[in-house]
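Participant:
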Amino acid sequence: MSTAGTTSEEIRADILRLKQERNAVILAHNYQIPEVQDLADFVGDSLGLSQQAAETSADLIVFCGVHFMAETAAILSPAKRVLIPDLAAGCSLASSITGEQLRSWKAEHPDAVVVSYVNTTADVKAESDYCCTSANAVKVVQSIPEERQVLFLPDMFLGTYVQKVTGRKNILVWWGECHVHAAIGPQEISQARHSHPNAEFLVHPECGCVSSTMYLLSQNDPSTMNGAVLSTSGMLRHARQSPSREFVVATEPGILHPLRKENPEKRFYAVSEESTCGFMKMITVEKLWRSLRDDVFEVTVPEETARRARIPIERMLAAS
Ligand code: 13P
Ligand code: SF4
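Position in the sequence shown (from 1) plus 243 gives the number in this note's numbering.
The following block contains the structure:
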């Protein structure tokens, strides 16, 4: 894409002009690059972004995130156009189960309730009873009667976390993972504890270390480990309220930007600066500009799929 002769300041100004002209809203996930986050009207986690997409009065939603998020916005706002600045921005976790695979799994357990993480395609959502995000997975599962079997998908670490917190034995978990979070294991946490002995640990439930982290946190001994398992916006809320001065975050390092912006007096470190999500990082300021200017790339969901997928998402929003 040629931006020859245009300065970054001019691009930013044109994005703001186009946004107004087209009555558009720019939504960005907490993992987006700082320059994109700073241009957005709303920056948040998957739950907050779904809520914004459902409520906005704009005509156009430009989604700076990954494809399933833009699809969720299209499902919730069928009368609006939804654009994503790069169609290749996918998600390894969402790719770990297809609608066909879920239909087969359901056929093996016909009486089970299906709870799908929001990181799934519209086809998978259409086959689900409830959606959830990392911010409300426990709450959503707790709202399902104790005696009903639950099929939880597609993240095995989040699923195991939900099994442990709810204490339910009747949750079957799909064996999918996010390649970024799965790589953050107990060894990475133990190295970070060694480097930052006084820090509080904020751990995303998709991480490969979530079970061992929960064990350490359950010891209730701050000298063993101080911290919490949280969604990305949960981390922001926690950091704002906590008296701690130093934090280690176990998630995609894009979260460091809003954490540092909101808490300039506190210090934040990523467990691993290399654990970036290449899909999230595909969105650039130039691509956001092109999206608004050239009206690309529209994300649509077939009407019947959207109708069925809206039910589990709306149940999740009602339970949040
Ligand atoms: P949350 O922002 O909802 O915690 O999700 C993290 C994630 O991996 C989104 O792709
Ligand atoms: Fe998907 Fe993982 Fe990237 Fe989130 S961080 S968008 S779950 S691949």
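The beta-carbon is built from N, C-alpha and C at its ideal position, and this holds for glycine as well. Here the structure is a predicted model, which means the values were calculated and not measured.
1) Taking the alpha helix (DSSP H) that Y458 belongs to, which residues open and close that run?
2) For the ligand SF4, I want to know if M399 counts as a neighbour, meaning its beta carbon is within less than 7 angstroms of at least one of the ligand's heavy atoms.
3) Which class does A513 belong to by DSSP, given the choice of helix, strand or coil?
4) Under 8 angstroms by Cβ, that's how I've got N379 and A562 pegged, so tell me the actual separation to the nearest angstrom.
5) For V381, does the three-state DSSP call read helix, strand or coil?
6) Give me, in chain order, the residues of the same chain whose beta-carbon lies closer than 7 angstroms to that of I258; leave out the 5 immediate sequence neighbours on both sides.
7) Please name the residue or residues paired with Y373 in a DSSP beta bridge.
8) Whose C-beta lies closer than 7 angstroms to the C-beta of I387 among residues of the same chain, with five residues either side of it excluded?
9) Please list, in chain order, all residues with a C-beta atom less than 5 angstroms from at least one heavy atom of the ligand 13P.
10) Tell me which residue opens and which closes the beta strand (DSSP E) that H272 is part of.
11) Between which two residues does the alpha helix (DSSP H) containing V279 stretch?
12) The beta strand (DSSP E) spanning G470 covers which residue range?
13) By DSSP's criteria, L394 is part of a beta bridge. Which residues make up the other side?
14) Say yes only if the C-beta of L336 is nearer than 7 angstroms to one or more non-hydrogen atoms of the ligand SF4, and no if none qualify.
15) If M270 and F285 are in contact, beta carbons under 8 angstroms, what's the gap, nearest whole angstrom?
16) In this structure, what does DSSP give as the bridge partners for V305?
17) For the alpha helix (DSSP H) that V405 lies in, which residues bound it at each end?
18) Measuring only from the beta carbon, is F490 closer than 7 angstroms to any heavy atom that is part of the ligand SF4?
19) Relative to the C-alpha of E264, which residue among R558, A549, D538 is closest?
20) May I ask you to verify whether the segment 502 to 513 touches the segment 317 to 328, counting CB pairs closer than 8 angstroms and requiring at least 3?
21) Would you mind stating whether V528 and I327 have Cβ atoms separated by less than 8 angstroms?
22) Taking buried to mean at least 16 other C-beta atoms within 10 Å of its own C-beta, is A425 buried or exposed?
23) For E443, which of L459, S454, Q430 has the nearest alpha-carbon?
24) Looking at the unbroken beta strand (DSSP E) that takes in E489, where does it start and where does it end?
25) Taking 7 angstroms as the cut-off, is the CB of T274 close to at least one heavy atom of the ligand SF4?
26) Below 7 angstroms, is the gap between the Cβ of F395 and the nearest heavy atom of the ligand SF4?
27) Starting from L445, follow its DSSP beta bridges and name the residues at the other end.
28) Quick check on the burial criterion: 16 or more other C-beta atoms within 10 angstroms. Buried or exposed for E314?
29) Between the Cα of V268 and the Cα atoms of L303, C334, S515, E298, which residue gives the shortest distance?
30) Between R497 and M523, how many whole angstroms is the CB-CB distance? I'm expecting something under 8 angstroms.
31) Given a threshold of 16 other Cβ atoms within 10 Å of its Cβ, counted over all protein chains shown, does T250 qualify as buried or as exposed?
32) Please determine whether the Cβ atom of M523 lies at a distance below 7 angstroms from any heavy atom of the ligand SF4.
33) Just curious, the alpha helix (DSSP H) that G291 is in, first and last residue?
Facilitator: With the structure as the only source:
1) 453 to 461
2) no
3) strand
4) 7 angstroms
5) helix
6) L282, L531, W532, L535
7) V358
8) V356, V393
9) D288, S289, T376, S377, S474, T475
10) 267 to 272
11) 277 to 282
12) 470 to 472
13) V357, L415
14) yes
15) Looking at the sequence provided, one finds Leu at residue 270 rather than Met. The pair is a contact, with the Cβ atoms about 5 angstroms apart (cut-off 8 angstroms).
16) I269, L326
17) 399 to 409
18) no
19) D538
20) no
21) no
22) buried
23) L459
24) 489 to 493
25) Reading off the sequence shown, one finds Tyr at residue 274, where the question assumed Thr. It does: the Cβ of Y274 is within 7 angstroms (strictly closer) of some heavy atom of the ligand SF4.
26) no
27) A471, V492
28) buried
29) L303
30) Inspection of the sequence shows that residue 497 is occupied by Gly rather than by Arg. So it is a contact: roughly 6 angstroms between Cβ atoms.
31) exposed
32) yes
33) 289 to 298
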